[in-house]
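Each residue of the sequence shown is one higher than the last, beginning at 1 in full-length UniProt numbering. From the three backbone atoms N, C-alpha and C, an ideal C-beta is built for every residue, glycine too. It should be emphasised that the depicted structure is a prediction, and the values quoted were computed from it without experimental measurement.
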Amino acid sequence: MDPKISYFQTFIVASKTKSFSKAAKRLGITQGTVSNHISALEKYFDAQLFLRTPEGVDLTPEGKIFYERAEKILDLLNEARLLMRAIHENPEGTIRIYASTTPGEHILPSIIKEYKNSYKNVDFDITIADSEKCFKALDEGLADIAAVGFLKNKNYEYTIIGKDRLVLIVPPNHPLAEKGTAKLEDILKEDYIDREEGSGTRDAFIKALNEKGYSIMDLNVVMRLGSHSAVITAVSEGYGVSVVSEIPAKKAEDAGLVKIVPVVDLDVVRYLYLVKSRRPKNPSAVKSFWEFVTKI
């Protein structure tokens, strides 16, 4: 059996005190435990480390060789421990985040800005992708954290960072904009601009359709686009209507690009999550960021 670090400490103290009994008293263990630690080291090195004398113990030539190196090993381990503690208290390096559109473009920036007020040496590498690709990046070790609109399963460590509602957007001059309200059956009659497969927004809307007895096949999909901004642009230019996140939709409505129309028989609310990798590449920085987010 390989020796434990505590055996090294026992050996150093016994060498300095020249006594197993004094070493035991200083370390707060029994003399028998000291003897067992030394015996394990001698068995590992296949060498006698101490000579028993009437006054106590003295190092053998082999013991002197080990003493010099054991002290260096313990010094290096203590230095490593102190450096690790310093990194934990003052993390640095890069956190890799894969984020779907809504949390990546509208939630994370403010969180990261606030975090960096206290931890200026941590940088963020953010990749915007659909939720499925975010989970894939997490599983393949390409991401330390994923920011997504749904949970693939609850085996991941996660925390909620926001709440979102899906809303219908139409061109500003659309008849539904003038009417002021819509029903689900109105959406089914319109040209529909869909998000790409793997989108959390799309999955949430399809789930809502299914609960109402419909499917994606009941929509008149004229195009599929890879982001909320692309969908909003297409809607504003009159290519169709769409159901998107309320967060970017409100900004677009304020800019006069689209109109949000309440759907009286459709209310889709979802949560936005941060999901942590089981083996982040930069554990200290990720731990620091995770603790910061969970305290917000």
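Rounding to the nearest angstrom, what Cα-Cα distance links I87 and I97 in this structure?
CA-to-CA, the gap between I87 and I97 works out to about 20 Å.
What does the Cβ neighbour count give for Y44, buried or exposed, with the cut at 16 atoms within 10 Å?
By the 10 Å Cβ count, Y44 comes out exposed.
Suppose the cutoff is 7 Å on Cβ atoms and the five residues either side in sequence are ignored; what does the same chain contact list for residue 298 look like?
The structure shown does not extend to residue 298, since the chain is modelled only from 1 to 296, so the question has no answer here.
For R270, which residues does DSSP report across the bridge?
In the DSSP secondary-structure assignment, R270 is bridged to D164.
DSSP state of I232 mapped onto helix, strand, coil:
Assignment of I232 by DSSP, reduced to helix, strand and coil, places it in the helix class.
CA-to-CA distance, A285 to T294, given in whole angstroms:
Here the alpha carbon of T294 sits roughly 14 Å from the alpha carbon of A285.
Taking Cβ to Cβ, would you say L108 is nearer than 8 Å to A146?
No, the Cβ-Cβ distance between L108 and A146 is not below 8 Å.
Do A14 and F8 have their CB atoms nearer than 8 Å?
Taking 8 Å as the Cβ cut-off, A14 and F8 do not qualify as a contacting pair.
N- and C-terminal bounds of the beta strand (DSSP E) containing F45
No beta strand (DSSP E) contains F45, which is instead part of the alpha helix (DSSP H) from 31-45.
Considering only their Cβ atoms, is the gap separating P91 from S288 smaller than 8 Å?
Taking 8 Å as the Cβ cut-off, S288 and P91 qualify as a contacting pair.
Nearest-angstrom Cα separation, counted from E157 out to Y273
Rounded to whole angstroms, the separation of the alpha carbons of E157 and Y273 is 10 Å.
Under the three-state DSSP convention, the category R195 falls into:
The answer is strand: DSSP assigns R195 an E or B state.
Between which residues of its own chain and Y239 is the CB-CB distance below 8 Å, once the five residues before and five after are set aside?
Residues of the same chain with a CB within less than 8 Å of the CB of Y239, apart from the 5 flanking positions on each side, are D191, I193, V222, M223 in chain order.
Can you give me the start and stop residues for the beta strand (DSSP E) that D58 sits inside?
D58 -> beta strand (DSSP E) spans 56-59.
Do I160 and Y67 have their C-beta atoms within less than 8 Å of each other?
It is not a contact, given that the beta carbons lie outside the stated cut-off.
How far does the alpha helix (DSSP H) with S6 in it extend, from its first residue to its last?
Looking at the DSSP string, the run of the alpha helix (DSSP H) that includes S6 is 5-17.
Rounded to a whole number of angstroms, what is the C-alpha to C-alpha distance between E89 and S229?
Between E89 and S229, the C-alpha separation is close to 39 Å.
If you drop the 5 nearest sequence neighbours on each side, which residues of the same chain put their C-beta closer than 7 Å to that of D130?
Within its own chain, the residues whose Cβ lies closer than 7 Å to the Cβ of D130, once the five positions on either side in sequence are excluded, are S100, E196, G198, S199, listed in chain order.
Look up F205 in the DSSP assignment and say whether it is helix, strand or coil.
Of the three classes helix, strand and coil, the one that applies to F205 here is helix, per DSSP.
Residues near A137 in its chain [Cβ-Cβ closer than 6 Å; skip 5 each side]
So the list reads Y98, A143, once near-sequence residues are dropped.
Within the stretch 51-110, note down every full beta strand (DSSP E) run reaching 3 residues or more, in order along the chain.
Counting whole runs of 3 or more residues, the stretch 51-110 contains the beta strand (DSSP E) stretches 56-59, 93-99.
For T94, count neighbouring C-beta atoms within 10 Å of its own C-beta (all shown protein chains included) and say buried if the count is 16 or more, exposed if not.
Exposed, because fewer than 16 other Cβ atoms sit within 10 Å of the Cβ of T94.
DSSP has R224 in a bridge; who is on the other side?
Answer by DSSP bridge pairing, in chain order: D194.
Which word fits S242, buried or exposed, when buried means at least 16 other C-beta atoms lie within 10 angstroms of its C-beta?
So S242 counts as buried.
May I ask whether a heavy atom of the ligand ZN can be found less than 7 Å away from the beta carbon of P172?
No copy of the ligand ZN appears in this structure; indeed no ligand is present at all.
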